[in-house]
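Novice: Attaching a single structure in structure tokens format; questions to follow.
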Amino acid sequence: MNSLGYTLLSMLVRKPCSGYELKGYLELFWQAHHSQIYPLLNKLEKLGYVVYISENDPIHKKIYSITDEGKEFLQEWIQGKTAKPITRDEFLGKLYAISIIDPKRVEELFQERQAYFQKLATIHKKTLDEIDEQFGADLTGEGWESSFGRYLICKRRYDMDLAELEWCQWANDQYRQKFNNKNFSN
Numbered sequence: 001m002n003s004l005g006y007t008l009l010s011m012l013v014r015k016p017c018s019g020y021e022l023k024g025y026l027e028l029f030w031q032a033h034h035s036q037i038y039p040l041l042n043k044l045e046k047l048g049y050v051v052y053i054s055e056n057d058p059i060h061k062k063i064y065s066i067t068d069e070g071k072e073f074l075q076e077w078i079q080g081k082t083a084k085p086i087t088r089d090e091f092l093g094k095l096y097a098i099s100i101i102d103p104k105r106v107e108e109l110f111q112e113r114q115a116y117f118q119k120l121a122t123i124h125k126k127t128l129d130e131i132d133e134q135f136g137a138d139l140t141g142e143g144w145e146s147s148f149g150r151y152l153i154c155k156r157r158y159d160m161d162l163a164e165l166e167w168c169q170w171a172n173d174q175y176r177q178k179f180n181n182k183n184f185s186n
């Protein structure tokens, strides 16, 4: 089983979900496509680690739940050594060559980055607000335990979004100062 399969099981500990819901939750910390998720869910089902029910809607959506066997299997993975995080960021790859980039393009790169992280910050703040509303700001409402991991990850992502926005502003200011460019729009 690959790490994504285990992560899907982890997410199902919180609550039963469709593949579509799982993809949405994964976006907090993992880049995966439906073409990866659904085959893994099928494999997990064949192994007896998840079961599903089909909702009687027009698309017969499958709602997956983790089984006791799936929880035991997941516990084995949790006890193992954690792999180092993988980082891949095209923006930083481009920025590494900042000395040869046209100043207008540098400005665009920072604007694109800031717009992206502002959008994420808005989404993650909304999720945190929803969790607060459901379980209380101090996370003591009934059933809070199953959402605590999600809360921790959303809070981390939100803090990272804000830090990235702050860093973008700082880095762009540094670029302007060091390269002494006069052709910037504010």
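Numbering of the sequence shown is given in UniProt numbering, commencing with residue 1 and proceeding in unit increments. Each residue gets a CB set at the ideal place from its N, CA and C atoms; glycine is no exception.
#1: Residue range of the beta strand (DSSP E) that Y64 falls in?
#2: Near G80, what residues of its chain come up, given a Cβ to Cβ distance below 7 Å and the 5 sequence neighbours on each side ignored?
#3: N186 to G48, Cα distance in whole Å?
#4: Any idea if H33 is buried or exposed, counting beta-carbon neighbours within 10 angstroms, 16 or more meaning buried?
#5: If you run the structure through DSSP and keep just helix, strand and coil, what is E53?
#6: For the candidate residues F91, L22, K71, L120, whose alpha-carbon lies nearest to that of K62?
#7: With DSSP as the reference, label N186 as helix, strand or coil.
#8: Work out the CA separation of Q114 and W167 for me, nearest whole Å.
#9: In chain order, which continuous runs of the alpha helix (DSSP H) of length 4 or greater are located wholly inside the segment 86-153?
#10: Would the segment 64-84 count as touching the segment 6-15 if we require 3 or more Cβ pairs under 8 Å?
#11: Can you list, in chain order, the residues of its chain with a C-beta nearer than 7 Å to that of Y175? Leave out the 5 residues immediately preceding and following it.
#12: Taking the Cβ atom as the reference point for each residue, do K38 and G24 lie within a distance shorter than 7 Å?
#13: So the candidates are N172, I86, P16; which of them puts its Cα closest to the Cα of T67?
#14: Where in the segment 6-48 do unbroken runs of the alpha helix (DSSP H), each at least 4 residues long, occur, reported from the N-terminal end onward?
#15: Give the DSSP-derived three-state secondary structure of N180 in the structure shown.
#16: Applying the criterion that 16 or more other CB atoms from any shown protein chain within 10 Å of the CB defines a buried residue, is Y64 buried or exposed?
#17: In whole angstroms, what separates the C-alpha of I123 from that of Y151?
Specialist: Walking through what the data contain:
#1: 62-66
#2: none
#3: With a pLDDT of only 48 at N186, under 50, the local geometry of the prediction cannot be trusted, and no value is derived from it.
#4: exposed
#5: Per the sequence shown, the amino acid found at residue 53 is Ile instead of Glu. I53: strand per DSSP, three-state reduction.
#6: L22
#7: For N186, the predicted structure reports a pLDDT of 48, less than 50, and the residue's modelled location is therefore unreliable. A value from the coordinates is still provided. Coil.
#8: 10 Å
#9: 90-95, 103-135
#10: The segment 64-84, when compared against the segment 6-15, does touch it at the 8 Å Cβ threshold.
#11: In its chain, beyond the 5 residues on either side, I98, V106 have a beta carbon closer than 7 Å to the beta carbon of Y175.
#12: Inspection of the sequence shows that residue 38 is occupied by Tyr rather than by Lys. Going by C-beta atoms, Y38 is not nearer than 7 Å to G24.
#13: P16
#14: DSSP runs (the alpha helix (DSSP H)) wholly in the segment 6-48: 19-26, 34-46.
#15: coil
#16: buried
#17: 13 Å
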